[in-house]
Amino acid sequence: METAARWRAPAVVMVAAAAVPLAAGLALGWKNWVTVPVLLVALGLGALVVKQLLFHREQSALRAEVARERAEAKPAEQAAHAEHHVPAIPVDSAEPYYRFILSCTVCWSANAGVPQHGNLRGLAVHSILERARQVTVTGSPTDAPMVLTRLAAELGAMAPDRSGQIVTWAENVGLTVPEEDARRLERLAELRKEKQVRHQEQELEQRTRAYLADEILTDPGTAVVWWLARHPEQVREAADLIPTFARLTAAVTKTEIEPQYAERLDDRPTLSAVGWPRIGQSEEDRRALAGPEGSEQPLWPRGNRDHGDFDEPTAQ
């Protein structure tokens, strides 16, 4: 029955391919030299159709067989390996004082013909932890999602342990960072950013100081040229600032102010201009301040009575 059912459709196709040209030749009165070529072409097309039908049947049979084998092998595979859930276990990270928390389902199967370990579960968990540490020790706790992706791909592969007694892999892999450590890491990241900004600001300030001290404020002329380069329209103001630049350059270079600039630095009235003696004043200067010879005018101004100062009594 199976053979008859298999060849029923190809036989129908070939009969139709032969019958159609013959029927057309009889109906239209074709001669033999026309009917025979048409018949051969129809048979060729029928053979191609039969070939495609057989090919699709074969492919369908193969797919059905593979699906059946997988369905039969899946229960056997599940029964062949053991599992153990690891809820939370610390693993090292790239930061020395911070660790990840790993959770996964450890799976293993024993190798036949090899002496078996007394604690296959412990051996499997140890093997998974070693493989996990090789990944996490190179990852930063601030990039836990990326490290988790790499870790799941690594632990999902079936690989033998160091002893060769079992083949281990992991499923349902999870990787987290403790909340307190996450807050500390976030704070450290902010501090690093702030430190970088301050370092750049300090570097800019140092360069500015070095530029002014080594190239600009070396002498008044260079300082004036620098000012005019920045303010080309303020020529008169630049001339008025020459004494100021002289004082600045002297302060920066730790030298004395040049005499031609020192005369213009201080036009303010001195203490002697208002009748007050200066420290270190000579005796001649004091006499000059005292007025005409023989005058009893004191060197220091007198107070008033409101402050408790009284004029000396006049001679009667």
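In case it helps, the working numbering puts the sequence shown at residues 1 to 316.
Where a beta carbon is used, it is the ideal one built from N, C-alpha and C, also for glycine.
All values derive from a computational prediction rather than experimental measurement.
Alpha-carbon to alpha-carbon, T149 and W108: When rounded, the distance between both Cα atoms is 21 Å.
DSSP three-state assignment for L241, whether helix, strand or coil: In the displayed model, L241 falls within coil according to three-state DSSP, outside both helix and strand.
Inter-residue spacing [alpha-carbon to alpha-carbon] between R184 and L248: The straight-line gap from Cα to Cα measures roughly 48 Å.
Residue(s) in a DSSP beta bridge with V12: In the DSSP assignment, no residue is bridged to V12.
With 16 other Cβ atoms within 10 Å as the buried cut-off, status of Y211: By the 10 Å Cβ count, Y211 comes out exposed.
Span separating the alpha-carbon of M14 from that of L45: Between M14 and L45, the C-alpha separation is close to 9 Å.
Enclosing alpha helix (DSSP H) for V224 [first to last residue]: First-last of the alpha helix (DSSP H) with V224: P220 to R230.
Of the listed residues A229, E201, F245 and L228, nearest to D219 (C-alpha basis): Ranking the options by Cα distance to D219, first place goes to F245.
DSSP state of E258 mapped onto helix, strand, coil: Looking at E258 - three-state DSSP - the assignment turns out to be coil, as it is neither helix nor strand.
Beta bridge counterpart(s) of R192 as assigned by DSSP: For R192, which the question treats as bridged, DSSP gives no partner whatsoever.
Close-in-space but distant-in-sequence residues of the same chain around G174 (CB under 6 Å, 5 per side omitted): Around G174: S103.
With 16 other Cβ atoms within 10 Å as the buried cut-off, status of A239: Under the 10 Å beta carbon count, A239 is surrounded by fewer than 16 other beta carbons and is classified as exposed.
Spatial distance of A112 from M158 (CA atoms): Roughly 16 Å separates the two Cα atoms.
Among A17, L28 and L48, nearest to A42 - alpha-carbon criterion: For A42, the nearest C-alpha among the options comes from A17.
Contact check, L39 vs L28, beta carbons under 8 Å: No; because the gap between Cβ atoms is not below 8 Å, this pair is not in contact.
Cutoff 8 Å: A9 Cβ touching any chain C Cβ: Absence of chain C from the displayed structure is noted, only one protein chain being present.
Reference R99, options A9, V135 and R207, closest by Cα: When each option's Cα is compared against that of R99, the closest is V135.
Sequence-distant residues of the same chain with beta carbon closer than 8 Å to A189, five excluded per side: Setting aside the 5 residues that flank it on each side, A189 is surrounded in the same chain by T142, each with a C-beta closer than 8 Å to its C-beta; the list follows chain order.
Residues of its chain near T138, where Cβ-Cβ distance is below 8 Å and the 5 sequence neighbours each way are ignored: Around T138: A94.
Exposure label - V147; buried when at least 16 CB within 10 Å: Buried is the label assigned to V147, since at least 16 other Cβ atoms lie within 10 Å of its Cβ.
Residues near P160 in its chain [Cβ-Cβ closer than 8 Å; skip 5 each side]: Cβ within range, chain order: N111, I166, V167 and T168.
Limits of the unbroken alpha helix (DSSP H) element including I128: Going by DSSP, I128 is part of the alpha helix (DSSP H) stretching over L120 to T136.
Three-way DSSP call (helix, strand, coil) for P87 in this model: DSSP places P87 in strand when its eight states are reduced to three.
Reduced DSSP secondary structure (H/G/I, E/B, other) of E233: DSSP places E233 in coil when its eight states are reduced to three.
Own chain residues within Cβ distance below 8 Å of V34, not counting five before or after: If we look at V34 and ignore the five residues flanking it on each side, its Cβ neighbours are G25.
Of the residues L155, Q116, V125 and L53, the one placed nearest H85, counting alpha carbons only: A check of alpha carbon separations from H85 across L155, Q116, V125 and L53 identifies V125 as the nearest.
Residues near L289 by beta carbon distance below 6 Å, same chain, minus five either side: Because the pLDDT at L289 is just 44, under 50, the model does not fix this residue reliably, and the point stays unresolved.
Simplified DSSP state of V173, which is helix, strand or coil: Residue state for V173 is assigned as strand, using DSSP reduced to three classes.
Pair within 8 Å by beta-carbon distance, T222 and I216: Yes, the pair counts as a contact, with Cβ atoms nearer than the cut-off.
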